[in-house]
Amino acid sequence: MSKKYNVAVVGANGAVGEEILSILEEVDFPINKIVPLASSRSAGKTVTFAGKDIVIKELTDTVFEEEEVEIALFSAGGSVSAQFAPSAVRAGAVVIDNTSHFRMDAHIPLVVPEVNPEDIAQWRKSGIVANPNCSTIQMVQVLKPLDDAYSIQRVDVSTYQATSGAGKTAMEELVNQMQSFFTFKLDEAEVKAFAHRIALNVIPQIDKFLDNGYTKEEMKMVNETTKIMHKEIPLSATCVRVPTLRGHAEAVSVKFACEVDADAAREILKNAPNVVLLDKPEESIYPMPSLALEKNETFVGRIRVDNFDKTMLHMFIVADNLRVGAATNAVRIAQKWAEMEEEK
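See below:
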């Protein structure tokens, strides 16, 4: 890319915002000026980018025009995006939004670059491209090449989602509760980020329950998968919060239109973009959150054909939710957008 861009990061001092800044630097994104933005409480603090401390500016309706922002990466919560993303669009910027606010809007593309990069071209309808849910992104990266080969008929998934998916304070709550455990005071530990204590526990609830018995997080996976893959895929999800800090894992069962071979599936996934095959169970090699930490790839393993139905595959998928599930995907959208704009 020959052009350099003025890039704003909204929520620059949050968990995802910090990762976005790191990845922009890692991939050497063509930046003319970086504009870290946050609430008035954080304005005046600094973030580090390219070895320099850069002062966070207050997020206002006018700052995008004042700073001549061309790309605005939002990761500060749905209400913030609802209020300020239109201001960025009016100032002429493309908004890449990491919240759930715009995802199911029919006029706004929902994009995973490895799956549906062509949808980015629809950004002009609204000025916005939506980033999917963290658990959806890593799953569809694996499902897409398998669907192309065998045609998916149904998916069942159970997730094991890290506390970082609920933000910095949730991570701190896990750490604090574990510290309480080692001082024999776990029963006295504060429970605030989740419905129950997360230390030494798993909680089969992420977000609120709906009338159909599923949670909002589970229905995100259902609805977003359909929109991203442009295919009505029957999907059932059970989303579980587990006491890890970072890295979401998923046990996924997929039924296809024909019989499948595990070795052939491994070969397909081995060649899939930004997917890493880790599948030597006899050597205890398989995906784990600890292996995915601060990586920009999705890891898949434990691939096996069902014992009773040869049209079914089971597998285990892991990715760093702050990167693949959020920041990395957003930056890759920005890269694809910039490439498309320069090709015009």
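For the sequence shown, position 264 matches number 246 in our numbering, and the numbering has no gaps at all. Even for Gly, the Cβ is constructed at its ideal location relative to N, Cα and C.
For residue i, the three-state DSSP class (helix, strand or coil)
| i | result |
| --- | --- |
| T197 | strand |
| A231 | strand |
| C116 | helix |
| Q161 | helix |
| R223 | strand |
| E264 | helix |
| D129 | helix |
| K202 | helix |
| I38 | coil |
| L6 | helix |
| T81 | coil |
| I16 | strand |
Residue i burial status per 10 Å Cβ neighbour count (16 or more: buried)
| i | result |
| --- | --- |
| G74 | exposed |
| T145 | buried |
| R179 | buried |
| F164 | exposed |
| G307 | buried |
| H230 | buried |
| D261 | buried |
| I267 | exposed |
| L3 | buried |
| E155 | buried |
| D129 | buried |
| P91 | buried |
| R336 | Residue 336 is absent from the model: the chain starts at -17 and stops at 326. |
| K252 | exposed |
| V173 | exposed |
| N183 | exposed |
| A246 | exposed |
| V157 | exposed |
| G264 | The displayed chain sequence assigns Glu, not Gly, to residue 264. Result: exposed. |
| N194 | exposed |
Residues of its chain near residue i, where Cβ-Cβ distance is below 6 angstroms and the 5 sequence neighbours each way are ignored
| i | result |
| --- | --- |
| S63 | F56, D79, T81, H83 |
| K126 | V97 |
| P18 | V(-9), A(-6), V29, I36, I38 |
| A274 | G229, F281, V300, A301, D302 |
| A58 | V(-8), G(-7) |
| P99 | K318 |
| S200 | Per the sequence presented here, residue 200 reads as Glu, with Ser not at that position. For E200, where only same-chain residues beyond five positions count, the Cβ hits under 6 angstroms are A219, C221. |
| S140 | T220, A233 |
| E50 | N(-12) |
| G60 | T81, S82, H83 |
Spatial neighbours of residue i in its chain, beta-carbon cut-off 7 angstroms, leaving aside the 5 residues before and after
| i | result |
| --- | --- |
| E47 | A73 |
| V122 | V94, V97, T207, I210, M211 |
| V322 | The amino acid occupying residue 322 in the given sequence is Met; Val does not appear at that position. The answer, listed in chain order, is I102, A103. |
| A131 | I250 |
| A177 | I185, Q187 |
| F191 | T197 |
| E214 | T208 |
| H89 | K107, S108 |
| N14 | K(-14), Y(-13), N(-12) |
| K167 | none |
| I110 | A67, V71, V77, D79, F84, I90 |
Alpha carbon of residue i to alpha carbon of residue j, nearest angstrom
| i | j | result |
| --- | --- | --- |
| L227 | K27 | 25 angstroms |
| V224 | K198 | 17 angstroms |
| M294 | A(-10) | 44 angstroms |
| E170 | T310 | 38 angstroms |
| Q135 | N205 | 15 angstroms |
| Q159 | V9 | 36 angstroms |
| A219 | N113 | 19 angstroms |
| V313 | T44 | 24 angstroms |
| S117 | K(-14) | 32 angstroms |
| F11 | A20 | 21 angstroms |
| P271 | V258 | 13 angstroms |
| T42 | F66 | 7 angstroms |
| L175 | P216 | For the sequence presented, residue 175 should be read as Ala rather than Leu. Roughly 31 angstroms separates the two Cα atoms. |
| V300 | D87 | 28 angstroms |
| R106 | Q161 | 50 angstroms |
| A254 | V137 | 19 angstroms |
| V242 | F298 | 17 angstroms |
| E40 | A320 | 26 angstroms |
| K292 | Q143 | 29 angstroms |
| N278 | Q120 | 11 angstroms |
| A316 | C221 | 29 angstroms |
| L6 | V77 | 16 angstroms |
| A233 | G283 | 10 angstroms |
| E1 | R248 | 30 angstroms |
beta-carbon residue i near the ligand ATP non-hydrogen atom, thresh 7 angstroms
| i | result |
| --- | --- |
| L259 | The ligand content of the structure shown is nil, which means the ligand ATP is not present either. |
Close beta carbons around residue i, own chain, < 8 angstroms, minus the five adjacent residues each side
| i | result |
| --- | --- |
| V124 | V234, L251, A254, V257, T280, V282, M297, I299 |
- Message: Would the region 66 to 86 count as touching the region 21 to 36 if we require 3 or more Cβ pairs under 8 angstroms?
- Response: No, they do not touch.
- Item | Validate contact between the region 143 to 162 and the region -10 to -3 using beta carbons, cut 8 angstroms, 3 pairs | Counting Cβ pairs under 8 angstroms, three or more are found: they touch.
- Message: For the pair the region 53 to 61 and the region 87 to 96, tell me if three or more CB-CB distances fall below 8 angstroms.
- Response: Look at the beta carbons and you see the region 53 to 61 not touching the region 87 to 96: under three pairs across the two are nearer than 8 angstroms.
- Query: Any contact of the region 286 to 293 with the region 234 to 244, i.e. 3+ C-beta pairs under 8 angstroms?
  - Reply: Note that the region 286 to 293 touches the region 234 to 244; at least 3 beta-carbon pairs, one per stretch, sit closer than 8 angstroms.
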